[in-house]
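Protein chains in written order, with my numbering: chain A, 1 to 257; chain B, 1001 to 1014.
Every residue, glycine too, gets a C-beta built ideally from N, C-alpha and C.
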Amino acid sequence: MFEARLVQGSLLKKVLDAIKELLNEASWDCADSGIQLQAMDNSHVSLVSVNLRAEGFDKYRCDRNLIMGMDLTSMSKILKCAANDDIITMKAQDNADTVTFIFESPSQEKVSDYEMKLMNLDQDHLGIPETDYACVIKLPSGEFARICRDLSNFGESIVIACSKEGVKFSAAGDIGTGNIKLAQTSSVDKEEEAVIIEMQEPVTLTFACRYLNMFTKATPLSPQVSLSMSPDVPLVVEYSIGDIGQIQYFLAPKIDD
Amino acid sequence: KASQMRIDSYFTSI
Chain A
1 MFEARLVQGS LLKKVLDAIK ELLNEASWDC ADSGIQLQAM DNSHVSLVSV NLRAEGFDKY
61 RCDRNLIMGM DLTSMSKILK CAANDDIITM KAQDNADTVT FIFESPSQEK VSDYEMKLMN
121 LDQDHLGIPE TDYACVIKLP SGEFARICRD LSNFGESIVI ACSKEGVKFS AAGDIGTGNI
181 KLAQTSSVDK EEEAVIIEMQ EPVTLTFACR YLNMFTKATP LSPQVSLSMS PDVPLVVEYS
241 IGDIGQIQYF LAPKIDD
Chain B
1001 KASQMRIDSY FTSI
C-alpha cells in the first residue's frame, strides 16, 4: 500500500507545471524515504530530477517500493481538477496498475477522486556524481526567468560567465546582442532578493535558451534559484519545493566546434 | 557555431 497526503496540494500542481513541458512521461519511484522522479527529455539534452521527502508529507506510507510510470499530460490534466487550496492524496495498492488522486477541499465539504492508469516505462537511470562546482550562483527565481526570457529575443543560446565581479548573461543574434550583469548584493531586506555568488574559479559556458526557459516554469515553486557550474560539465538549475524537497534540472552545454 | 552536447554523455547509466 502506498499513500501520500499533502495538505499544501498546490506544491504538487506546481511540480507538474515545472516538468510537463520537458517530459511526456516519467516514472515516480516511491520508497520509504519518499518519492523521486528522474527523466531525460526526448532529445537527451537535459535531465530532470525531483525529490519529495517522506517527512514533507502530512501522511506518508509506502510498504513496498513502487514504480509508478505516468503519462505526465494525463497527470497534469487530473491535477488541474484540484483547487489551489485542496489537500491532495495519492494512493496505490501494491502491484497496482492504477493510481488514485484524492482532492479534499479545506472545509472537507468537497471530495473528488480520479483514477489514472499507470504505464510500464523502460527508462534509463543515470548516476549523477557528487560534484564540487566551481561557481554557485543564487538569485531570485523571477529575475532568472526574466533574464532567460529577455535574452531569448536575441539568439538561441545564452552565455553564462561567472567571475569574482559577478555573473554576466549574454546572447547574440541577427538583431544584435544583449548583456545582463548581476553583481553580488551587498545588503538586502529579504533573503530571497539576494544575489549570492560562491566562486572557486571563473567559468563561462553556453546553454540553449529553449531549455533554460522550460526550467523557469518552476519559478512559482521557490523565490530563489541556484545555478551551479563547472568547466565542461552540465549546468544544474535547482529550485526548492517548499519544505518537502527540490527539483534539479541538468543541462548539457553547447561546445564550440 | 556551437554544438549541443547530450546529457547522457556526462552521466553513466545505472
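Using a Cβ-Cβ distance under 8 Å, would residue i count as near chain B?
i, result
"residue 47/A", "yes"
"residue 252/A", "yes"
"residue 32/A", "no"
"residue 152/A", "no"
"residue 161/A", "no"
"residue 82/A", "no"
"residue 208/A", "yes"
"residue 157/A", "yes"
"residue 255/A", "yes"
"residue 75/A", "no"
"residue 199/A", "no"
"residue 122/A", "no"
"residue 40/A", "yes"
From the DSSP output, in three-state form, read off residue i for me.
i, result
"residue 189/A", "coil"
"residue 216/A", "helix"
"residue 263/A", "No statement about residue 263/A is possible, as the shown extent of chain A runs from 1 to 257 and does not include it."
"residue 222/A", "coil"
"residue 56/A", "helix"
"residue 61/A", "strand"
"residue 37/A", "strand"
"residue 92/A", "strand"
"residue 256/A", "strand"
"residue 249/A", "strand"
"residue 113/A", "strand"
"residue 1014/B", "coil"
"residue 128/A", "coil"
Hey, quick one: how far does the alpha helix (DSSP H) through residue i stretch, first residue to last?
i, result
"residue 84/A", "Unbroken run through residue 84/A: none, as it is neither H nor E."
"residue 142/A", "141-151"
"residue 75/A", "72-79"
"residue 26/A", "First-last for residue 26/A: 25-31, but that is the beta strand (DSSP E), not the alpha helix (DSSP H)."
Under DSSP, the beta strand (DSSP E) around residue i begins and ends at which residues?
i, result
"residue 52/A", "46-53"
"residue 285/A", "Residue 285/A is absent from the structure shown; chain A starts at 1 and stops at 257."
"residue 1/A", "First-last for residue 1/A: undefined, no H or E at that position."
"residue 98/A", "98-104"
"residue 197/A", "196-199"
"residue 180/A", "176-182"
"residue 268/A", "Residue 268/A is absent from the model: chain A starts at 1 and stops at 257."
"residue 1004/B", "1002-1004"
"residue 203/A", "203-208"
"residue 1007/B", "From DSSP, residue 1007/B is part of no beta strand (DSSP E); its letter is neither H nor E."
"residue 157/A", "157-163"
Would you mind giving the Cβ-Cβ distance between residue i and residue j, rounded to the nearest angstrom? I have them listed as a contact below 8 Å.
i, j, result
"residue 4/A", "residue 89/A", "7 Å"
"residue 207/A", "residue 251/A", "6 Å"
"residue 180/A", "residue 138/A", "Actually they are not in contact, since the Cβ atoms of residue 180/A and residue 138/A sit about 16 Å apart, beyond 8 Å."
"residue 199/A", "residue 135/A", "5 Å"
Tell me whether residue i, by its Cβ, gets closer than 7 Å to a heavy atom of the ligand GDP.
i, result
"residue 25/A", "By its list of ligands, the structure shown contains no ligand whatsoever, and the ligand GDP lies outside what it can speak to."
Item checked: Short-range partners of chain B found in the region 126-137 of chain A, where Cβ spacing is below 9 Å -> 126, 127, 128, 129
Notebook entry, point to check: Which residues, taken in chain order from the region 217-249 of chain A, show a beta carbon closer than 8 Å to some beta carbon of chain B?
Noted result: 233, 234
Next item on the list: Scan the region 10-36 of chain A for residues whose Cβ lies nearer than 9 Å to a Cβ of chain B and list them as they occur along the chain.
Entry: none
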